[in-house]
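Engineer: Residue numbers (our numbering): 22 to 427.
1. Do you know how far the Cα of residue 342 is from the Cα of residue 73?
2. In terms of residues, what are the limits of the alpha helix (DSSP H) holding residue 336?
3. Judging by CA-CA distance, which residue of 306, 345, 371, 422 is the nearest neighbour of residue 361?
4. Who are residue 199's beta bridge partners in DSSP?
5. Which one of 282, 157, 146 has the shortest CA to CA distance from residue 131?
6. Would you list the one or two residues that DSSP bridges to residue 357?
7. Please check the pair residue 388 and residue 366, which I expect to be a contact at CB under 8 Å, by giving their CB distance rounded to whole angstroms.
8. So residue 306 and residue 26 are supposed to be a Cβ contact under 8 Å. How far apart are they, rounded?
9. Quick check: is the beta carbon of residue 238 nearer than 8 Å to any beta carbon in chain D?
10. Tell me which residues share the same chain as residue 350 and place their Cβ nearer than 6 Å to its Cβ, disregarding the 5 neighbours each side in the sequence.
11. Run through DSSP, which three-state label would residue 298 get?
12. Candidates 344, 107, 101: which alpha carbon is nearest residue 76's?
13. With contact counted as at least three CB pairs below 8 Å, one residue from each stretch, are the segment 98-117 and the segment 223-233 in contact?
14. Could you tell me the boundaries of the alpha helix (DSSP H) in which residue 105 lies?
15. Compare the Cα-Cα distances from residue 84 to each of 68, 371, 109, 103 and report the closest residue.
16. Using C-beta distances below 6 Å, list every residue in its chain close to residue 177, excluding the 5 sequence neighbours before and after it, in chain order.
17. Along the chain, where does the alpha helix (DSSP H) containing residue 220 start, and where does it finish?
18. Hey, which unbroken runs of the beta strand (DSSP E) at 3 residues or more fall wholly within the segment 111-174?
19. In angstroms with no decimal places, state the Cα-to-Cα distance between residue 258 and residue 35.
20. For the beta strand (DSSP E) containing residue 385, name the first residue and the last one.
21. Return helix, strand or coil for residue 344, following the three-state DSSP convention.
22. Can you look up residue 93 in the DSSP assignment and give me helix, strand or coil?
23. Can you tell me whether DSSP reads residue 186 as helix, strand or coil?
24. Quick check on residue 336: buried or exposed, where buried means 16 or more other Cβ atoms within 10 Å of its Cβ?
25. Hey, could you find the ends of the beta strand (DSSP E) residue 71 is sitting in?
26. Expressed to the nearest angstrom, what Euclidean distance is found between the alpha-carbon atoms of residue 152 and residue 135?
27. Can you pull the DSSP bridge partners for residue 64?
28. Roughly how many whole angstroms lie between the Cα atoms of residue 266 and residue 103?
29. In chain order, what residues of the same chain lie with their CB nearer than 7 Å to the CB of residue 299, ignoring the 5 residues before and after it?
30. Counting C-beta neighbours from all protein chains within 10 Å, is the total for residue 218 16 or more, i.e. buried, or is it exposed?
31. State the DSSP-derived secondary structure class of residue 364, mapped to helix, strand or coil.
32. For residue 4, name the three-state secondary structure that DSSP assigns.
33. Using C-beta distances below 6 Å, list every residue in its chain close to residue 402, excluding the 5 sequence neighbours before and after it, in chain order.
34. On the premise that residue 197 lies in contact with residue 70, defined as a C-beta separation below 8 Å, what is that separation, rounded to the nearest angstrom?
35. Okay, do the segment 107-127 and the segment 184-194 touch, 3+ Cβ pairs below 8 Å being the bar?
36. To the nearest angstrom, how far is it from the Cα of residue 204 to the Cα of residue 55?
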């Protein structure tokens, strides 16, 4: 019985959870931490705002000085932003700028538009007065700590650090932050038929696209990647490479990912090499990317992806990327939206199909190529992965479908 997509994704989450428990942390300047996950809780070292300030350009007043029908008050010295003002005396109103510190004694701000005259007097004017309406205490005052109090949790560990989060840390006066050290992944592509791009392409050979496809995906997801040369179909050679990297104490890898050799054919090198190791090879009810491997090698988490290019990318997007997001806090999940099919499509019974498509500005979804797992050109044209769940075998043009934007 094939495993469901959800069950296999959860199995990957559980596998990675063990890999990240001993993962270290890095202290980085704020801008270098963009897109990374916070390694530890951050508590506010100060309150925001750090002092009560004005929300408007206007007059800082003692609300008790103004009766319901308004009052004429003397104009005190103006309060610009960034200055520490003198205490406000009773019977006075202080011109105040947006963001400026509320003077001691003041408890409200009357906007300049409600003043008569509705303009600030000349700074050199003597004995100026202003007529102001009644105002409730607290009006247009941003209280100290109204955003966050000193000592409160600002950001929990695991938070994905985007511009808003880094802006908060900067507002709190921080210049650097601890982030989770990215996992180091050993990526191995396999197959006698595969040669490196740039080499001579003899009969029966193909260029390796999987290595570039997956390494780029992993780097984009914030992982560090180490590559071996392409492994041939000799299990002993593959085992030598895996032992060499997983037993390297100077630069230990956190995860092994292979492509190819996981199906039930005669020369499935990864399956053969993993004999005697706690690695399961099982079918997942998904097309493409049904054959999957999962377990550990020398205690290092191991994932075996299929060898067809689209299959290995879909495997990464459906299993490894979301599991990393859940366990590590990064990368961000793919944006999910609905789109309208521009054409009918079919899906196999009992499988979750993942098709490639392009969503236009009009919200219409057009398929890129067929369902084949070898269609790299179609994949390169696509901007979305189309999700067709188990139990849906036919969809008409005009139907709504879920897509993950690439």
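Backbone N, C-alpha and C define an ideal beta-carbon position, used for all residues, glycine too. From a predicted model like this one, the values you see are computed outputs, not experimental measurements.
Structural biologist: Taking the definition as stated:
1. 44 Å
2. 330-336 is the extent of the alpha helix (DSSP H) around residue 336.
3. 422
4. 48
5. 157
6. 425
7. 7 Å
8. 7 Å
9. Here chain D cannot be found, since the structure has a single protein chain.
10. 58, 179, 181
11. coil
12. 101
13. Contact between the segment 98-117 and the segment 223-233 is not established, with fewer than three Cβ pairs separated by less than 8 Å.
14. It is not in any alpha helix (DSSP H) - residue 105 carries neither H nor E in the DSSP assignment.
15. Closest option to residue 84, Cα to Cα, is 109.
16. Hits under 6 Å: 62.
17. For residue 220, no alpha helix (DSSP H) segment is defined, and its DSSP state is neither H nor E.
18. 113-117, 129-132, 150-153
19. 29 Å
20. That run of the beta strand (DSSP E) goes 385-388.
21. helix
22. strand
23. helix
24. buried
25. Careful: residue 71 lies outside any beta strand (DSSP E) and carries neither H nor E.
26. Going from the Cα of residue 152 to the Cα of residue 135 covers about 9 Å.
27. 174
28. 57 Å
29. 316, 317
30. exposed
31. coil
32. The first residue shown for the chain is 22 and the last is 427, placing residue 4 beyond what the model contains.
33. 389
34. Actually they are not in contact, since the Cβ atoms of residue 70 and residue 197 sit about 23 Å apart, beyond 8 Å.
35. No, they do not touch.
36. 17 Å
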